[in-house]
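Undergrad: Quick note on numbering: the sequence shown equals residues 188 to 568 in the numbering used here.
Starting off with a structure, shown below.
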Amino acid sequence: MDFALTDKQNMLIAQVKELCENEIHPYFTSHKTNNREFDLWPIRLLGELNLVCPTIPQEYGGLGLDIFTTALVIEEIAACWPGLAAVIDTNLHAVQPLLLAGTHEQKEKFLPLLTGPNAGLASFALTETSGGSDINAMQTYVEKVNKCFVVNGSKEYVLNAPLANFITLFATTNQEKKKSSLRCFIIPRDTKGIKIEKYYNIAALDYAQLAKLVFDEACLENESIIKEDELYSGYLLLSQTFDIGRVLVGATSVGIAKAAYEIAKDYANERVQFRRPIKKHQAVAHDLVDMATKIQMARLMTWQACWLIDQGEDYTIASAMAKYSASQIAQEVTLKASDILASRAYERGTFIEQLSRDARVLSTIEGTNNIQKNIIASLLL
Ligand SMILES: Cc1cc2nc3c(=O)[nH]c(=O)nc-3n(C[C@H](O)[C@H](O)[C@H](O)COP(=O)(O)OP(=O)(O)OC[C@H]3O[C@@H](n4cnc5c(N)ncnc54)[C@H](O)[C@@H]3O)c2cc1C
């Protein structure tokens, strides 16, 4: 395994860092939660570097980045604005089934929508009221009627849904055998019969827009299905998509932890108690060392999983371990950073307070950490 960055990767990361530090982070901190409407300005800034969905291949207008380089980019974005990283992670997640199994025509139709300076957004719709972790509890049902697929049901907590150009939908074609009859569809958001029933007010990942989508006799074109093949089940496609998406949650976790550590380190230099900077108290210094060490562990586990994905090696255990450990570490590091900042950590709207809330949600998204442990146990034991 070699994680030495190429000149091209170094240049890209330097550009992303500069954009994040000089433009995106100042914008984030100056527009507080309560008065910020979703505005596309940060997306446009990333669009200028073609980073709204950087894994899209060059032939469809994207940068064609591998997963390792994408994780480096996501770490930087998450360190300056975690909610923005979640929006980009969702785009990457939504295009993954297309990249894995879409036809040239499907890719040509949808992928360019997420590229270039005016790139849009996409959603990934899986979770339902009846089933978050449990795919077999899914109720959204697809039926073939003449030349189209008719969908009925609903999907909860769909990130990017209010603004998405298209939706990657997982639904079942057989109510008795839900898991084996799972199918994936890529559909324009403005398809007749799809409407937003509810907007969620989430106390984390500020900027991410979530909604509940209802499918009421929504008629999907025949061409919207990804690989209608009994042997290539939608469940396999879903698992592969999650295996890749999880490492990006790992990278997001590392970015959040890194930002919290930097805030705590600076504060420990400045804050004087008992006539010396608090970093001179060994307990505080040891906390900072623990934080830095764990961040590096999370980063290396994430990079290892990325490397396996990019090499086409078996990566399921590595990506589940990376997501599980990095999201745990993000929670531990933000908690320790809050302890170091003490009373200053709880002022609503400060970056450290937001990072602590953002870190909490990482153990739930892309499969809860219990589900990661189930996956690891099923393959390891
Ligand atoms: C900010 C945010 C963004 C999201 N974005 C999206 C999105 O874009 N698209 C989408 O489809 N969904 C999205 N979700 C939903 C998310 O994926 C689900 O919340 C997650 O899969 C868990 O489902 P659930 O909330 O129904 O929890 P449940 O599945 O009901 O789980 C509840 C608890 O039981 C535990 N549990 C359940 N089954 C087991 C088991 N077999 N073994 C051990 N423990 C178990 C879980 O670990 C958890 O602790 C998002 C959620 C949030 C908060």
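Using N, Cα and C, we set each Cβ at its ideal position, and we do this for glycine too.
Is the CB-CB distance between S411 and I374 below 8 Å?
TA: To locate residue 411, count along the sequence shown from 1; it is residue 224. To locate residue 374, count along the sequence shown from 1; it is residue 187. Going by C-beta atoms, S411 is nearer than 8 Å to I374.
Undergrad: In chain order, which continuous runs of the beta strand (DSSP E) of length 3 or greater are located wholly inside the region 391 to 475?
TA: 397 to 408
Undergrad: When the Cα of T359 is compared with those of L350, C371, P349, which residue comes out closest?
TA: Here residue 359 refers to the residue found at position 172 when the sequence shown is read from its first residue. The shortest C-alpha separation from T359 is found at C371.
Undergrad: Contact between the region 427 to 443 and the region 550 to 562: three or more CB pairs below 8 Å?
TA: yes
Undergrad: Only counting the same chain, and skipping five residues up and downstream in sequence, which positions put a Cβ closer than 7 Å to that of Q326?
TA: Counting from 1 along the sequence shown, the entry for residue 326 is found at position 139. E315, S317, G340, listed in sequence order.
Undergrad: Suppose you measure from the CA of I504 to the CA of I563; what does that come to, to the nearest Å?
TA: Position 317 of the sequence shown, counted from the first residue, corresponds to residue 504. Position 376 of the sequence shown, counted from the first residue, corresponds to residue 563. Distance between the alpha carbons of I504 and I563: 6 Å.
Undergrad: Does the Cβ of M488 have 16 or more other Cβ atoms within 10 Å, making it buried, or fewer, making it exposed?
TA: If you number the sequence shown from 1, residue 488 lands on position 301. Result: buried.
Undergrad: When burial is assigned at 16 or more other CB atoms within 10 Å of the CB, is W228 buried or exposed?
TA: Translated into the one-based positions of the sequence shown, residue 228 becomes position 41. By the neighbour-count rule (16 or more Cβ atoms within 10 Å), W228 is not buried but exposed.
Undergrad: Given N222, which residues of its chain have a CB within under 8 Å of its CB, disregarding the five upstream and five downstream residues?
TA: Taking the sequence shown and counting its residues from 1, the one referred to as residue 222 is at position 35. In this predicted model, N222 has a pLDDT of only 46, less than 50, meaning its place in the structure is not dependable; the value taken from the coordinates is given anyway. Correct list: empty, nothing qualifies.
Undergrad: Could you name the residues that DSSP lists as bridge partners for R145?
TA: Only positions 188 to 568 of the chain appear in the structure, and residue 145 is not among them; the question remains open.
Undergrad: Could you pull the start and end residues of the alpha helix (DSSP H) that I275 belongs to?
TA: The residue labelled residue 275 in the question sits at position 88 within the sequence shown. I275 -> alpha helix (DSSP H) spans 269 to 288.
Undergrad: Let me make sure I understand the geometry here. Which of F336, G437, L206, Y454 has the alpha-carbon closest to that of A405?
TA: In the sequence shown, the residue the question calls residue 405 occupies position 218. Here the closest residue by C-alpha is F336.
Undergrad: Find the nearest neighbour of Q518 within the set D501, S217, V436, judged by alpha-carbon distance.
TA: Within the sequence shown, the letter at position 331 stands for residue 518. Among D501, S217, V436, the Cα nearest to that of Q518 belongs to V436.
Undergrad: According to DSSP, is P229 helix, strand or coil?
TA: The residue you call residue 229 lines up with position 42 of the sequence shown. Helix at P229.
Undergrad: Given that a residue counts as buried once 16 or more other Cβ atoms are within 10 Å of its Cβ, and exposed if not, what is R376?
TA: By one-based count along the sequence shown, residue 376 stands at place 189. By the neighbour-count rule (16 or more Cβ atoms within 10 Å), R376 is buried.
Undergrad: Taking the alpha-carbon of L250 as reference, which of I264, E235, E263, E262 has the nearest alpha-carbon?
TA: Translated into positions along the sequence shown, residue 250 becomes position 63. When only C-alpha atoms are compared, the closest one is E235.
Undergrad: Compare the Cα-Cα distances from Q202 to each of N237, S217, F215, T216 and report the closest residue.
TA: As a working mapping, residue 202 is identified with position 15 in the sequence shown. Measuring from the Cα of Q202, the nearest candidate turns out to be N237.
Undergrad: Put K204 into one of helix, strand or coil per three-state DSSP.
TA: In the sequence shown, residue 204 corresponds to position 17, counting from 1. Looking at K204 - three-state DSSP - the assignment turns out to be helix.
Undergrad: Going by the beta-carbon positions, is the gap between K379 and A398 smaller than 8 Å?
TA: Locating residue 379 in the sequence shown gives position 192, counting from the first residue. Locating residue 398 in the sequence shown gives position 211, counting from the first residue. Result no, Cβ atoms of K379 and A398 do not sit closer than 8 Å.
Undergrad: Once the 5 residues before and after E343 are set aside, which same chain residues still bring their CB inside 7 Å of it?
TA: Here residue 343 corresponds to residue number 156 of the sequence shown, with the count starting at 1. Excluding sequence neighbours, E343 sits near T314, E315, T316, K399.
Undergrad: Here's the rule: buried if 16 or more other CB atoms are within 10 angstroms of the residue's CB, otherwise exposed. What is P304?
TA: Position 117 of the sequence shown, counted from the first residue, corresponds to residue 304. P304 is exposed by the Cβ-count criterion.
Undergrad: For R231, I'd like the list of residues in its chain whose CB is within less than 7 Å of its CB, leaving aside the five on either flank, ordered along the chain.
TA: Here the question's residue 231 lines up with position 44 in the sequence shown. Excluding its 5 nearest sequence neighbours in each direction, R231 has C-beta neighbours in its own chain below 7 Å: P304, listed in chain order.
Undergrad: For the alpha helix (DSSP H) holding N352, just list the boundary residues, first then last.
TA: Position 165 of the sequence shown holds residue 352. Careful: N352 lies outside any alpha helix (DSSP H), inside the beta strand (DSSP E) at 351 to 359.
Undergrad: Whole angstroms are fine: how far does the CA of K334 sit from the CA of P269?
TA: The sequence position of residue 269 within the sequence shown is 82, counting from 1. The sequence position of residue 334 within the sequence shown is 147, counting from 1. Their backbone Cα atoms lie some 42 Å apart in a straight line.
Undergrad: Closest by CA to V476, which one among E449, R462, Q491, F461?
TA: Translated into the one-based positions of the sequence shown, residue 476 becomes position 289. Comparing Cα-Cα distances from V476 to each of E449, R462, Q491, F461, the minimum goes to E449.
Undergrad: How many angstroms separate the CA atom of A513 from the CA atom of E330?
TA: Residue 513 sits at position 326 when you count from the first residue of the sequence shown. Residue 330 sits at position 143 when you count from the first residue of the sequence shown. For A513 and E330, the distance between alpha carbons rounds to 40 Å.
Undergrad: At which residues does the beta strand (DSSP E) containing E343 begin and terminate?
TA: Translated into positions along the sequence shown, residue 343 becomes position 156. Start and end: 335 to 346.
Undergrad: Tell me which same chain residues have a C-beta within less than 7 Å of the C-beta of Q245, skipping the five on either side of it?
TA: The sequence position of residue 245 within the sequence shown is 58, counting from 1. Counting only Cβ-Cβ distances below 7 Å, and skipping sequence neighbours, we find G251.
Undergrad: Per DSSP, what kind of secondary structure is Y511 in: helix, strand or coil?
TA: By one-based count along the sequence shown, residue 511 stands at place 324. Looking at Y511 - three-state DSSP - the assignment turns out to be helix.
Undergrad: Quick check: does the Cβ of V401 come within less than 7 Å of any heavy atom belonging to ligand 1?
TA: Within the sequence shown, the letter at position 214 stands for residue 401. Because no heavy atom of ligand 1 lies under 7 Å away, the Cβ of V401 does not count as near it: no.
Undergrad: Please state the DSSP three-state secondary structure of L502.
TA: Locating residue 502 in the sequence shown gives position 315, where the first residue counts as 1. Residue identity check: residue 502 is Tyr in the sequence provided, not Leu. Looking at Y502 - three-state DSSP - the assignment turns out to be coil, as it is neither helix nor strand.
Undergrad: I'd like to confirm something about D624: is its beta-carbon nearer than 7 Å to some heavy atom of ligand 1, or not?
TA: Residue 624 is absent from the structure shown; the chain starts at 188 and stops at 568.
Undergrad: Measuring only between beta-carbons, confirm whether T277 sits less than 8 Å from chain D.
TA: This model lacks chain D altogether, as it is built from one protein chain only.
Undergrad: Buried or exposed for I383, please, with buried defined as at least 16 other CB atoms from any protein chain shown within 10 angstroms of its CB.
TA: On the sequence shown, position 196 is the one that residue 383 refers to. So I383 counts as exposed.
Undergrad: Do you know offhand how far T193's Cα is from A485's?
TA: Counting from one through the sequence shown, the residue named residue 193 turns up at place 6. Counting from one through the sequence shown, the residue named residue 485 turns up at place 298. Between T193 and A485, the C-alpha separation is close to 22 Å.
Undergrad: For A509, which option in L522, Q498, R433, L495 has the closest C-alpha, if you only look at C-alpha atoms?
TA: Residue mapping note: residue 509 aligns to position 322 of the sequence shown, counting from 1. The shortest C-alpha separation from A509 is found at R433.
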